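Trainee:
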Amino acid sequence: MKTLLRKPSGNTLENVTDKFSIKELIEFERFCRDNSQWEEMKKCFAENSTVTISWFKGSGHGFVDASSKMETYAPHKLFDTLVWLNNDKAVAITMATIQIRQEIQGHLLELQSDVKLLYKTQKINGLWSIISMEGIYEKDALIPVSPSDGIIIPKEEIAKFRPSYANMSYALSKSGYTVDVNLPGIDKPESVAKLYQESEEWLNS
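Residues 15 to 219 (my numbering) are what the sequence shown spells out, left to right.
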């Protein structure tokens, strides 16, 4: 039976408690990421967890280590989180905006990237842990911090990248990162549908 992206129904007290715990887990993982709490962040991920986002693909613990070495501060603004439960498994989707201030060509710019973060979570030994985290990219912008800043970035420099995360890809490339060009994004609806289908199958397996 299809569960993911359907209106939740029949919530018991246990389900409500589990959903709250999952939401708290996700928010705490992002809080740790934004506030350099690396050891606590690692506790959020299961041993065999994976992370696939613009600049990283690998294990959950490897993601924490790589995050700790980033030179650019990249905080997240979190909005709604929806959770779909099936016994000891759950899929959660968090709407978020990634915010990065970065100097490019001697100009201070603000990158804002709207993304859905899709988490697979599982209750292990009575505690919810993150099994995987993947990004679904929607749109982004690269804005001068000062309105009087006259930076000009040629359109063709941005056009080389995927529309749903073009500015992020450009900014990350300027910092020496190689960006995955095959991530789920609304410019390729089939990639989003595939991720949802895979998540649905995992949730009901």
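In this text, a Cβ means the ideal position worked out from N, Cα and C, and glycines have one as well.
Note that the structure is a prediction, hence the values are computed from the model and not measured.
What is the residue span of the beta strand (DSSP E) that Asn49 lies within?
Mentor: That residue, Asn49, is in no beta strand (DSSP E); it is neither H nor E in DSSP.
Trainee: Could you check which residue in Leu132, Ile200 and Asp163 has the C-alpha nearest to that of Ala104?
Mentor: With distances taken between Cα atoms, Ala104 lies closest to Leu132.
Trainee: According to DSSP, what are the bridge partners of Arg115?
Mentor: Answer is Glu124, bridged to Arg115.
Trainee: My assumption, with CB atoms under 8 Å, is that Met182 sits in contact with Asp163. Please give the rounded CB distance.
Mentor: At roughly 19 Å, the Cβ-Cβ gap does not stay under 8 Å, so Met182 and Asp163 are not in contact.
Trainee: Considering only their Cβ atoms, is the gap separating Glu204 from Ile157 smaller than 8 Å?
Mentor: Cβ atoms of Ile157 and Glu204: not closer than 8 Å.
Trainee: Ends of the alpha helix (DSSP H) at Gly76?
Mentor: Segment Gly74 to Ser82, the alpha helix (DSSP H) holding Gly76.
Trainee: Judging by CA-CA distance, which residue of Leu92, Ile118 and Asn100 is the nearest neighbour of Tyr108?
Mentor: Residue 108 is actually Thr in this sequence, not Tyr. Ranking the options by Cα distance to Thr108, first place goes to Leu92.
Trainee: Tell me whether the beta-carbon of Ile150 lies closer than 8 Å to the beta-carbon of Val65.
Mentor: Result no, Cβ atoms of Ile150 and Val65 do not sit closer than 8 Å.
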